[in-house]
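A short worksheet on the structure shown next.
Protein chains in written order, with our numbering: chain A, 950 to 1057; chain B, 894 to 1044.
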């Protein structure tokens, strides 16, 4: 094994770990974004707060969910925000997803 | 006899020449690993930059897609006389598209199904894809159900 190979090996390993972590982060970003929109869609069709939060926590138990406004009526704009803490090798990140929808007729 | 000796001699010279050439080549490659190692650094940086840019483009596509879907649903809901909150279908679609981080491009809100096109700019971390705008189409219609809220 040459000296150059020994020098390059940690760099290649770090690059591989970094790319894998980036792929994981991309997956988390897309999942959080998608769940926020799904939850917003559910929030537009029901006044049940627990059901809205359950859409997110069913897949991401550690996620924090906020629904605004908590009481909504037909024609209102409801916004669901999802926060997920992600631990990377270097530091921790908080991934945020946001979904907004218009509350449908008949919801109170 | 003479021919055989000549052949053996030729083979020996050929063999020794090849070994010498290999030795010379090996000697010339001393330090090439260091050059390869140094050239790997910009390649690795480029891979990381491109990965971040690709991630930003995928996120923009997801934003535009989700915004188009929800804006189309909002526009279809606004066509229901029971509950638009007073907003026209186009206004409702624009409001929801903006709230989802996108911009409304067009809304075919004259009838059902509603067809909405929303676009989202790529939030490029390194500025390579700043000019790229991703557009997605969303469709929605109204379905008559007795009680959509009581399952």
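Where a beta carbon is used, it is the ideal one built from N, C-alpha and C, also for glycine.
| Item | Value |
| --- | --- |
| For residue 1092 of chain A, which residues in chain B fall below 8 Å Cβ to Cβ? | A query on residue 1092 of chain A cannot be resolved here, the shown segment of chain A reaching from 950 to 1057 and no further. |
| When you compare only the Cα positions, how much space is there between residue 991 of chain B and residue 1019 of chain A? | 21 Å |
| Check whether the region 956-971 of chain B touches the region 1007-1015 of chain B, taking contact to mean three or more Cβ pairs, one atom from each stretch, closer than 8 Å. | yes |
| Which residues of chain A have a Cβ atom closer than 7 Å to the Cβ of residue 970 of chain B, listed in chain order? | 1051, 1053 and 1054 |
| Cutting at 8 Å between CB atoms, please list the residues of its own chain near residue 1037 of chain A, excluding the five before and the five after it. | 970 and 974 |
| Please tell me whether residue 943 of chain B has its Cβ less than 8 Å away from any Cβ of chain A. | no |
| Please tell me whether residue 970 of chain A has its Cβ less than 8 Å away from any Cβ of chain D. | Checking the listed chains, one finds no chain D in this structure; the protein chains it contains are A and B. |
| With a threshold of 7 Å on Cβ separation, who are the neighbours of residue 945 of chain B within its own chain once the five nearest residues in sequence on each side are excluded? | 1018 and 1019 |
| Tell me which same chain residues have a C-beta within less than 7 Å of the C-beta of residue 897 of chain B, skipping the five on either side of it? | Confidence at residue 897 of chain B is low in this model, with a pLDDT of 47, below 50, so the placement of that residue is unreliable and no value is reported for it. |
| What did DSSP end up calling residue 972 of chain B once you bin it into helix, strand or coil? | coil |
| I'd like the list of long-range same chain contacts for residue 1000 of chain A, defined as Cβ closer than 8 Å, with 5 residues on each side in sequence excluded. | 991 |
| With distance defined between alpha-carbon atoms, name the residue in A/959, A/952, A/963 and A/1051 nearest to residue 1039 of chain A. | A/963 |
| Only counting the same chain, and skipping five residues up and downstream in sequence, which positions put a Cβ closer than 6 Å to that of residue 1056 of chain A? | 996 and 1023 |
| Tell me the DSSP secondary structure of residue 1034 of chain A in three-state form. | strand |
| Taking a Cβ distance cut-off of 8 Å, strictly less, list which residues of the region 949-969 of chain B are near chain A, in chain order. | 951, 952, 955, 956, 959, 962, 963, 966 and 967 |
| Over what stretch of residues does the beta strand (DSSP E) that includes residue 1044 of chain A continue unbroken? | 1041-1051 |
| Beta strand (DSSP E) containing residue 1031 of chain B: first to last residue? | 1026-1033 |
| With 16 other CB atoms within 10 Å as the buried threshold, where does residue 1004 of chain A fall? | buried |
| Is there a C-beta anywhere in chain A that falls below 8 Å from the one on residue 988 of chain B? | yes |
| Whose Cβ in chain B lies nearer than 8 Å to the Cβ of residue 1084 of chain A? | For residue 1084 of chain A there is no data in the structure shown, the boundaries of chain A being 950 and 1057. |
| Buried or exposed for residue 939 of chain B, going by 16 or more other Cβ atoms inside 10 Å? | exposed |
| Using alpha carbons as the reference points, say which of B/1012, B/933 and B/925 lies closest to residue 961 of chain A. | B/933 |
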